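One structure below.
In this note's numbering, the protein residues as written are -6 to 109.
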């Protein structure tokens, strides 16, 4: 695990803004491979003109390559460093707003839907 990817400045930015860019958590080759598989999965999903997005939950169960992303040691290390606590995976998912659909996404708060 490489927690040195997160600098003190990044940690301060995350605490202040709730978001921070941490470059090079995964290699460019890994990113390309993960993206291709994710796009292939999205393309295979049925398109519903009444839904503003497509998603697939628990991708790691269906694809061994994406499982390596879900369980990537750098991703876990960075998440724990930013959260400043030990973490466990709740689930992974691919979520994509379909570009050709003109359906608005209803206002919502994700955290309210998560049983903590």
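We put the beta carbon where it would ideally sit given N, CA and C, even for glycine. Everything numeric in this text was worked out from a predicted model, so none of it was measured.
Determine the contact status of residue 29 and residue 38, defining contact as a CB-CB distance below 8 Å.
no
Tell me whether residue 46 sits in a helix, a strand or coil according to DSSP, three-state version.
strand
Take the Cβ of residue 74 as the centre, count every other Cβ of all protein chains shown within 10 Å, and call the residue buried at 16 or more, exposed below.
buried
Thinking C-alpha only, which one of 54, 14, 13 is nearest residue 86?
Nearest C-alpha to residue 86: 54.
Mind checking whether residue 12 and residue 44 have CB atoms under 8 Å apart?
Not in contact: residue 12 and residue 44 (Cβ atoms no closer than 8 Å).
Return the chain-ordered list of same chain residues with a C-beta closer than 8 Å to the C-beta of residue 19, the five sequence neighbours on each side being excluded.
27, 62, 65, 67, 68
Nearest neighbour of residue 32, chosen from 80, 56, 17, 14 [CA to CA]
56
Just how far apart, CA to CA, sit residue 7 and residue 79?
Rounded to the nearest angstrom, the two C-alpha atoms are 17 Å apart.
Have a look at residue 46 and residue -2 and give me their C-alpha separation to the nearest angstrom.
32 Å
Give me whichever residues DSSP pairs with residue 88 in a beta bridge.
48
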